[in-house]
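S.K.:
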Amino acid sequence: MSCPQVCSGATLQCSFGAAPCVLNVLPVNRVMAGGMPAATIMDHIPLVNIATFGTCMSIANPMVAAATAAALGVLTPMPCIPATAAPWIPGGAPTVLLGSMPALDANSMLMCNWAGMIKIGMPGQVQMLIP
1423 MSCPQVCSGA TLQCSFGAAP CVLNVLPVNR VMAGGMPAAT IMDHIPLVNI ATFGTCMSIA
1483 NPMVAAATAA ALGVLTPMPC IPATAAPWIP GGAPTVLLGS MPALDANSML MCNWAGMIKI
1543 GMPGQVQMLI P
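The sequence shown: position 19 = 1441 (the numbering used here), numbered continuously.
1) From M1500 to D1465, what does the alpha carbon distance come to, in whole angstroms?
2) How many Å lie between N1529 and M1485 at the Cα?
3) Report the partner residues of I1472 according to the DSSP bridge assignment.
4) Distance check for L1448 and G1546, CA to CA, integer angstroms please.
5) For P1524 and A1515, which I take to be in contact (beta-carbon distance under 8 Å), what is that distance rounded to the nearest angstrom?
6) Please report the distance separating the alpha-carbon of S1522 from that of T1498.
7) What is the DSSP secondary structure of G1538, counted as helix, strand or coil?
8) Can you give me the C-alpha to C-alpha distance between I1542 and L1494, rounded to a whole angstrom?
9) Mind checking which residues open and close the beta strand (DSSP E) that includes P1516?
10) If you follow the beta strand (DSSP E) that P1524 is part of, which residue opens it and which one closes it?
11) Note the first and the last residue of the continuous alpha helix (DSSP H) segment covering M1485.
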């Protein structure tokens, strides 16, 4: 069974984020999926490819830890600034290369340095049937 190709406009959700965000894929590989730039496992750059998830609720995030300590131990969410240093895992679709990198498929996950796990909600491919 095949897994959908992820492209720009895919929705993402972080396990410690308050809101979903949209994946932004720059059209550097010039490969389109459903009319949008197709993603690779290297599309993980914070604030370029991965937008903010609203607020972060991970105590591993230094800003959340400091705010929580200042609030005498009451968990205090702070603005999300994704810290995604490594590519998507488990490696996308290794047999489909876009610009020498594996294509990103909908089963991939991305780890945030602050312990969050980012998953793909909707891969971004939308087919329109015109009668």
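Idealized CB from N, CA, C, for every residue including glycine.
M.R.: A quick look at the data gives this:
1) In a straight line, the C-alpha of M1500 is about 25 Å away from that of D1465.
2) M1485 has its alpha-carbon roughly 30 Å from the corresponding atom of N1529.
3) Per DSSP, the beta bridge partners of I1472 are L1445 and P1468.
4) Rounded to the nearest angstrom, the two C-alpha atoms are 14 Å apart.
5) Going by Cβ atoms, the distance from P1524 to A1515 rounds to 6 Å, so yes, they are a contact pair.
6) If you take the alpha carbons of S1522 and T1498, they lie about 42 Å apart.
7) The three-state reading of DSSP puts G1538 in coil, since its state is none of H, G, I, E or B.
8) Answer to the nearest angstrom: the Cα atoms are 35 Å apart.
9) P1516 -> beta strand (DSSP E) spans A1515 to L1520.
10) Element bounds for P1524: M1523 to A1525.
11) P1484 to A1492 is the extent of the alpha helix (DSSP H) around M1485.
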